[in-house]
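In this note's numbering, the protein residues as written are 235 to 424.
Even for Gly, the Cβ is constructed at its ideal location relative to N, Cα and C.
Here the structure is a predicted model, which means the values were calculated and not measured.
Written below as structure tokens is the structure these notes are about.
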């Protein structure tokens, strides 16, 4: 886990672990303290409706909560303070986690299988590493890198062996054929 992932997880956990109010930014009214709400951080149009969230039983919430903690790949000492939170906070964390795993900024997130399919189809093209196909492949690889860094552990596991095999095929092809163009160098780096 790199420094960025650790910071991101810390910020996510701090939102729920802290019960303090947030202070206003400079230039704002000094007395305009407010308690952060989950709906302010995440648009409600992509969220699971509150009706669905409230229908989850306590057992379902706790089961999903444990799954979420495992998915975040947290150490036990980081899990314990979160487990001590009340049920409503856990419920809101689960709702956020479910929304994060299904959508990204209003768009439908690509699944690992979609990435694998896209890479395979680009590699199969006869002119795969020339012209536009190389640019498309680079875009897919850049997007894949972001997804691998930002999605939960279960997403990465779903990418799995098949995804790694296609990545190795792409790398081997780049190195075996001694491609030296700028795009191929970027592909090698991704």
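Following the DSSP letters along the chain, one finds residue 315 inside the alpha helix (DSSP H) bounded by residues 310-317. Annotation: the continuous alpha helix (DSSP H) that includes residue 351 extends over 346-358.
Going by C-alpha positions, residue 299 is about 42 Å away from residue 419.
Secondary structure at residue 424: coil, using DSSP grouped into helix, strand and coil. In the three-state scheme derived from DSSP, where H, G and I count as helix and E and B as strand, residue 297 is classed as helix.
By the criterion of at least three beta-carbon pairs nearer than 8 Å, the region 370-379 is not in contact with the region 318-334. As the crow flies, the alpha-carbon of residue 370 is around 45 Å from that of residue 293. In terms of CA proximity to residue 350, 400 leads the group 409, 404, 400. Residue 315 sits exposed, since fewer than 16 C-beta atoms from the chains shown fall within 10 Å of its C-beta.
Taking C-alpha positions only, residue 319 is separated from residue 396 by approximately 39 Å. In this structure, the alpha-carbon of residue 347 lies about 10 Å from that of residue 354.
The shortest C-alpha to C-alpha distance from residue 289 to any of 412, 317, 309, 326 is the one to 326.
For residue 399, the enclosing alpha helix (DSSP H) stretches over residues 387-410.
Going by C-alpha positions, residue 422 is about 21 Å away from residue 384. Rounded to whole angstroms, residue 410 and residue 358 show a C-alpha spacing of 17 Å. Across the structure, residue 310 and residue 417 are spaced so that their CA atoms are roughly 43 Å apart.
Residue 290 carries a coil assignment under DSSP once its states are collapsed to helix, strand and coil. Approximately 5 Å separates the beta-carbon atoms of residue 305 and residue 387; this is inside 8 Å, confirming the contact. When DSSP states are grouped into helix, strand and coil, residue 307 belongs to the coil group.
The C-alpha of residue 324 is placed about 42 Å away from the C-alpha of residue 403.
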